[in-house]
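Order-wise, the sequence lines are chains F and U. First residue of the first sequence? That's 6 in the numbering used here, and the numbers climb one at a time after it. First residue of the second sequence? That's 665 in the numbering used here, and the numbers climb one at a time after it. The C-beta atom is built at its ideal place from N, Cα and C for all residues, glycine as well. Quantities reported herein were computed from a predicted structural model and do not represent experimental measurements.
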Amino acid sequence: MALFLGIETSCDETAAAVFTDQYEIRSSIVASQSRLHAPFTGVVPEIAARAHLQQLLPVIDKALTEAQCRLEELSAIAVHHTPGLVGSLLVGVAAAKMLAVLLRIPLLAVNHIHSHIFACRLAAGGDIFPCVGLVVSGGHTVLLRCEGATQMTVLGGTRDDAAGEAFDKVAALLGLGFPGGPAVEREAATGDPTAYNFPRAFADDGRLEFSFSGLKTAVLYACYGQNARRSEPPPPGPVRANLAASFQAAVVDILVLKAKQALRRTGLRRLAVGGGVAANKALRQALQRMCDRERVELFIPPLSLCTDNAAMAAWAVELWKQGQFAPLDLDAEPTWL
Amino acid sequence: MSVGLPAAASALPEKFKNEQAMGEQDRTDTRPWLLIETSGQIGQVGLAAAGRIVAGQSLDPQRRHARDLAAAVESLIRQSSLPPSQWAGVMVSIGPGSFTGLRVGVMSAKTFAYVTGRPLRAVPTFAAVAAQTASVADYVWVVADALRGQLYAQLFRGGGGDPQAETPLLLLSWEQWRMQVRDQAVITGPAAAVVAQRWPELPIAPPQTHLPTLAGLYAAGCRLPSLSREQLFALEPLYVRPSYAEERRLPSPSAPDIPPSSSGSC
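As structure tokens, then:
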């Protein structure tokens with residue numbers, strides 16, 4: 006049995022995990038930076054990179070300890086090297102490469118988006134391919150055609166903000182705090198999702214793309230009027246709850262619609278959804294309803310595998326089996342499309 | 665806000681203890697120290713043992729330090745007759761300098777120490793530059809561009825190749841720093857050439873002393889204690905200033921905070 010160490014530093018979670026070549030997760034440690042970014046109502050790249058540098062070794066150490074694994078027992082090092090915040094990725098890549106050099110074991114370069122899809126495979130405990138993949142997070146909103154674990158092609162993505170980024174920005178507009186996803190979801194729970202008819206970009210055509218900037222602006226105008234002069238956010242009450250619920254409904258509608266279009270276009274009968282926004286209950290329920298109607302099998306991992314983590318880097322086992330090792334001059338790549 | 669930050673002292677509170685004893689021991693140790701310097705545009709990696717640099721290479725300035733540093737260390741491992749677990753340890757330049765470059769160097773050094781169990785010494789970059797300039801003058805100002813109209817500066821008193829910091833590491837406007845400079849000090853550091861253009865009347869150290877070298881890093885590192893495990897885990901570069909986002913949230917200063925010079929003669 007081979008043991009692997011996975012490393013994740015692509016955004017604002019510092020994570021490490023130990024897993025086996027049978028996809029058994031021996032440990033998965035995540036150190037969140039939410040508290041550091043909360044005053045800025047969004048992730049600050051420099052603050053994120055600084056925090057990764059301080060947290061990564063303790064997180065790795067804890068992952069190894071929990072897994073009862075010694076460094077010399079590792080067979081390979083897997084690291085998310087793309088996509089993400091480059092300053093953050095560099096911290097993980099630098100550590101991973103030094104580990105690989107000193108332990109004289111292979112380095113595996115892992116695509117963070119592919120890992121989010123593979124989280125569904127981990128949660129399912131069996132094969133999920135071929136499938137349509139939908140990754141929705143603070144940094145990404147993308148649809149993929151996944152013929153196999155290492156055969157994923159992009160069907161379409163966002164033209165501007167990611168869905169999770171829109172949640173963060175609307176949460177800031179409404180004075181709900183950071184991170185925005187859970188905050189908006191809580192507020193939306195008591196609101197009327199039909200109170201405001203916010204735009205659903207590209208709903209009327211078949212392109213597999215997303216756009217959330219117009220939606221974000223529509224919420225801004227609904228809050229502050231067309232002149233959009235910022236003042237105090239709406240106070241707690243029905244207006245704020247209705248704004249949150251209507252915004253969430255617009256995001257959910259368009260994500261579900263585009264996933265359905267992708268399924269119909271590809272003819273695939275499975276949908277795998279990953280990323281932090283996939284933790285949203287309204288989205289999960291709406292996707293389930295759509296998949297039931299379409300007679301499609303839906304895979305969504307539990308919350309711990311939706312948000313950024315290193316266990317999902319177990320995708321690297323596929324690379325390891327194929328002997329696809331990364332060179333030592335592996336670089337961090339902020340974009341991958 | 666312009667402030668003098670005793671960053672070196674706060675980040676590593678146990679530094680500068682038992683300097684002389686540790687220096688003598690290190691200069692006779694034949695086991696190699698891994699040296700990592702990534703504070704500037706040209707990164708350097710090397711090995712030093714028994715008081716001299718025994719191997720070294722510069723990283724390609726056209727590529728990120730992160731791309732080539734690990735491969736350079738692997739090359740050094742192949743050159744060494746000892747495995748890394750038997751090396752003396754690692755010395756790393758911790759700034760001030762390029763935030764990203766420093767993070768790559770510091771993360772690599774921390775990982776080296778963690779994997780091998782060997783000691784890590786965190787060397788302030790200006791102490792390394794002062795060490796390589798100590799023979800030039802009794803007083804040395806080390807300066808580097810901090811961008812946004814400011815510079816990092818620190819005054820060292822030389823003497824016998826063992827420079828001592830006379831001021832904390834300062835973050836000042838260029839004009840504020842110029843008011844601190846007295847006659848006897850020479851100027852060195854990555855921004856020395858800019859100082860020479862701006863104030864031609866100031867004495868500038870020879871150009872080969874301006875940028876941190878592996879020799880300077882080693883000389884300064886030999887006078888420092890190794891970090892404990894807790895310090896190793898918590899180690900970060902001498903950023904001196906907060907992130908830009910945090911800086912924008914700080915209140916504007918009503919007046920610059922310039923610490924007094926500790927010596928009136930330099």
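- Excluding five sequence positions before and after VAL904 of chain U, the CB atoms of its chain that fall closer than 8 Å to its own CB belong to LEU669, ALA671, GLY759, PRO760, ALA810, TYR816, LEU833, LEU835, given in chain order.
- Under DSSP, the beta-bridge partners assigned to GLN156 of chain F are F:GLY153.
- VAL806 of chain U is positioned such that its CB atom lies no closer than 8 Å to that of MET755 of chain U.
- As the crow flies, the alpha-carbon of GLN872 of chain U is around 24 Å from that of LEU888 of chain U.
- What LEU260 of chain F touches in chain U, judged by beta-carbon distance under 8 Å, is nothing: the nearest beta carbon there is about 30 Å away.
- In the three-state scheme derived from DSSP, where H, G and I count as helix and E and B as strand, TYR903 of chain U is classed as coil.
- Apart from sequence neighbours up to five positions away, no residue of its chain approaches ARG716 of chain U with a beta-carbon distance below 6 Å.
- Taking 8 Å as the CB threshold, LYS102 of chain F lines the interface with chain U.
- Within the same chain, and ignoring the five residues on either side of ARG270 of chain F in sequence, no residue has its Cβ closer than 7 Å to its Cβ.
- Note on geometry: alpha-carbon atoms of ILE30 of chain F and THR70 of chain F lie some 13 Å from one another.
- In this structure, DSSP gives LEU866 of chain U a state outside helix and strand, which the three-state scheme calls coil.
- In the assembly as shown, PRO827 of chain U is a buried residue. Its beta-carbon has 16 or more other beta-carbons within 10 Å.
- A distance of 8 Å or more separates the beta carbons of TRP838 of chain U and ALA752 of chain U.
- Here PHE217 of chain F is near ALA168 of chain F, since their CB atoms are less than 8 Å apart.
- Assigned with DSSP and collapsed to three states, HIS86 of chain F falls in strand.
- By the rule that beta-carbons nearer than 8 Å mark a contact, GLU51 of chain F touches chain U.
- Sixteen is the threshold: since fewer than 16 other Cβ atoms of the shown chains lie within 10 Å of the Cβ of PRO241 of chain F, the residue is exposed.
- For GLY143 of chain F, the closest alpha carbon among the candidates F:ASP132, F:ARG150, F:VAL175 is that of F:VAL175.
- Residue contact with chain F for PHE790 of chain U: absent (no Cβ-Cβ distance below 8 Å to any residue of chain F).
- Between the C-alpha atoms of LEU62 of chain F and LEU711 of chain U there is a straight-line separation of about 24 Å.
- For the pair of segments examined, the region 32–52 of chain F was found not to touch the region 119–126 of chain F: the number of CB pairs separated by less than 8 Å stays below three.
- In the DSSP annotation of this structure, the continuous segment of the beta strand (DSSP E) that includes GLN814 of chain U starts and ends at 814–821.
- For CYS311 of chain F, the uninterrupted alpha helix (DSSP H) run begins and ends at 308–311, by DSSP.
- Approximately 6 Å separates the beta-carbon atoms of ALA879 of chain U and GLN796 of chain U; this is inside 8 Å, confirming the contact.
- Taking a Cβ-Cβ cut-off of 7 Å, the neighbours of ASP732 of chain U in chain F comprise ASP334, given in sequence order.
- Neighbourhood of ALA54 of chain F in chain U, by CB distance below 8 Å: PHE763, THR764, ARG767, in chain order.
- At least 8 Å separates the beta-carbon of HIS119 of chain F from that of ALA337 of chain F.
- Here the alpha carbon of LEU107 of chain F sits roughly 9 Å from the alpha carbon of VAL737 of chain U.
- The contact set of GLN59 of chain F on chain U, defined by CB atoms closer than 7 Å, consists of ALA898, GLU900 in chain order.
- In its chain, beyond the 5 residues on either side, ALA176, LEU181, GLY182 have a beta carbon closer than 7 Å to the beta carbon of ALA188 of chain F.
- Of the residues assessed, TYR803 of chain U falls on the buried side of the cut-off, its CB having 16 or more other CB atoms within 10 angstroms.
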